[in-house]
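Taking it in order: structure first as structure tokens, then the write-up.
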Amino acid sequence: MPSSSGFSGPLSRRTTLIAPFHVMTLLARARELEAEGRSIVHLEIGEPDFSTPEPVRAAGERAVKSGDLVYTPALGMTALRRASAGFYRSRYGVDVDYRRIVIT
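Basically this note's numbering = 1-based index in the sequence shown + 553.
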């Protein structure tokens, strides 16, 4: 029996214990309705309806070319956390210690 992922091979008994990711079923149904001509507003998975901005793509390409592809710290990159603290300071006039900011 094919799974919702399209895999049709035999599944182990343990796989029946894994809860399905229902949002993907919802997304598949929404796409079926779109294919039928229905207008659908997607709110199911948080996937943007626009392509990745050029500066982000360029930064990604630079990272791949330089080999800078390591896991970030669990709390987030320090530079980004500091920049976020600076944003709160300049935008809202509040001082938030960057060590209290977590970006995952």
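By construction, the Cβ of each residue, glycine as well, lies at the ideal position given by its N, Cα and C atoms.
{"Item": "Sequence-distant residues of its chain with Cβ nearer than 6 angstroms to Val-623 (five each side left out)", "Value": "none"}
{"Item": "Minimum C-alpha distance to Pro-626 - residue among Ser-619, Gly-620, Arg-634", "Value": "Arg-634"}
{"Item": "Cβ contact (3+ pairs, closer than 8 angstroms) linking the segment 574-584 and the segment 594-602", "Value": "yes"}
{"Item": "Where the alpha helix (DSSP H) through Met-630 begins and ends", "Value": "First-last for Met-630: undefined, no H or E at that position."}
{"Item": "Close beta carbons around Leu-586, own chain, < 7 angstroms, minus the five adjacent residues each side", "Value": "Ile-593"}
{"Item": "Sub-8 angstroms separation of Arg-642 and Asp-650 beta-carbons", "Value": "no"}
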